[in-house]
Amino acid sequence: MGLADLHIHTIYSYDGTASVPAVLIRAKLIGLDVIAITDHDEIAGSLKALELASKYGVEIIPGIEITTAEGDLLALNITQKVGRDLSLVETVLRVGEAGGFCIAPHPMTNGFGMKSLGAYPILKALRNPDVARVLIAIETYNATAIDRMSNHYAHILADRLNITQTASSDAHVVEAVGLGATEFDGHTARDLIDALHKGNVNIRKQKEWNSVRILGSWAANYIGSAFTRLANPAL
Ligand SMILES: [Zn+2]
C-alpha cells in the first residue's frame, strides 16, 4: 500500500514556514510515496517540488489551494494557476479544463485563516455532472483543523454523497507533514489518482502508521547509504 499527503504548505504560501527541500526530505523520511504541495493561490512551490522530487525519491502531484468565492478548494494535477475569488463551480470547471481534479479540503471549518466550503455549496455544485467529474473527493481528516468536530461533519457529508474521502496534514510546519495521510493500492502518483477516482483509498492518521513506517523507511535509507559507502569508500 502507498501513502500520500495531498495538502501541504511551504514558504511559497503566505502562511507556510517549510522550504520545499525540507518537505521532500521529511516526506521521504516518514515513508510517504506521493505528496502534493498546495500553497494558497500559488503554484511556484509545487512546481519547484516537481522539479526536485526525483532526487528525493518522493513523487509529486502538482497542486494549489485556490481561494474560491465560497471557500478553499484543492486543485491537483495542474501546473498552472487558476484565478482566485471565482465561484466554486467556475473554479472546478477551469481546473478540469486544465486537466486537473479537485478535493474539498476541511469543509465546514472556519477560523485561523481557514475559509472553508460549506456543505450546501458542495452539494449544490455536485449536482452539475461536469463538476462531479472533477470534484472527486472530500478531505474528511485534516490534521490541522482546530475544530475537531469539523472532520466528523465532513465524514458525515462525504458518506451521504458517497464520495471519496481523503486525509491530509494541511501542514504549515515541516514537522506536521504526514500527520494525516491517504492510503492507496500501489505506490505511484498514477496509482493514487486511479484509486481516488475509484474511491479505493483509506484515511489514515499518523499515529496509526508512523512508527513501523518510519522505521522501515529509515532502515531502507540506512542500508542504501551503507551500500553507497561500501561502493565508494572515499565518501
Ligand atoms: Zn491548506
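Numbering (this note's numbering) for the sequence shown: 14 to 248. Glycine is no exception: its CB is placed at the ideal position from the N, C-alpha and C atoms. On a predicted model such as this, the values are computed, not experimentally measured, just so you know.
- Restricting attention to ARG203, ASP207 and GLU196, the CA atom closest to the CA of ASP18 is found in GLU196.
- Using a Cβ distance threshold of 8 Å, VAL187 and ARG39 count as a contacting pair.
- Taking C-beta atoms as the reference points, SER129 and GLY76 fail to come closer than 8 Å.
- Annotation for GLU83 indicates a beta carbon at 7 Å or more from all heavy atoms of ligand 1.
- Just so you know, the alpha carbons of ALA132 and LEU42 end up roughly 36 Å apart.
- A residue is called buried when at least 16 other Cβ atoms come within 10 angstroms of its Cβ; ASN175 does not meet this threshold and is exposed.
- For GLU110, the shortest separation between its Cβ and any heavy atom of ligand 1 does not lie below 7 Å.
- In this structure, MET14 and ASP207 do not form a Cβ contact; the two beta carbons are roughly 14 Å apart against a cut-off of 8 Å.
- As DSSP reads the structure, VAL47 sits in a beta bridge with ALA17 and GLU72.
- Taken atom to atom, the span from the alpha-carbon of VAL102 to that of VAL214 is near 25 Å.
- Not one heavy atom of ligand 1 sits closer than 7 Å to the Cβ of GLU152.
- When the alpha-carbon of ALA150 is set against those of ILE91, GLY44, PRO118 and GLU110, the nearest one is in PRO118.
- Relative to ligand 1, even the nearest heavy atom lies 7 Å or more away from the CB of HIS200.
- For ASP183, the shortest C-beta to heavy atom distance toward ligand 1 is below 7 Å.
- Closest by C-alpha distance to LYS68, out of ALA49, THR51, LEU60 and PRO34, is PRO34.
- With 16 or more other CB atoms across the displayed protein chains lying within 10 angstroms of its CB, ASP204 is buried.
- The beta carbon of GLU55 sits no closer than 7 Å to any heavy atom of ligand 1.
- DSSP, reduced to helix, strand and coil, places GLU103 within a helical segment of the structure shown.
- Counting C-beta atoms within 10 angstroms of its own C-beta, ARG217 has 16 or more neighbours from the protein chains shown and is therefore classed as buried.
- About 6 Å separates the Cβ atoms of THR80 and ASP54, confirming a contact at the 8 Å cut-off.
- Cβ contact annotation for LEU139 (same chain, cutoff 8 Å, sequence separation greater than five): ALA145, LEU148, LEU174 and ILE176, in chain order.
- Rounded to whole angstroms, the separation of the alpha carbons of ASP143 and LEU106 is 7 Å.
- In this structure, ligand 1 has no non-hydrogen atom nearer than 7 Å to the beta-carbon of THR179.
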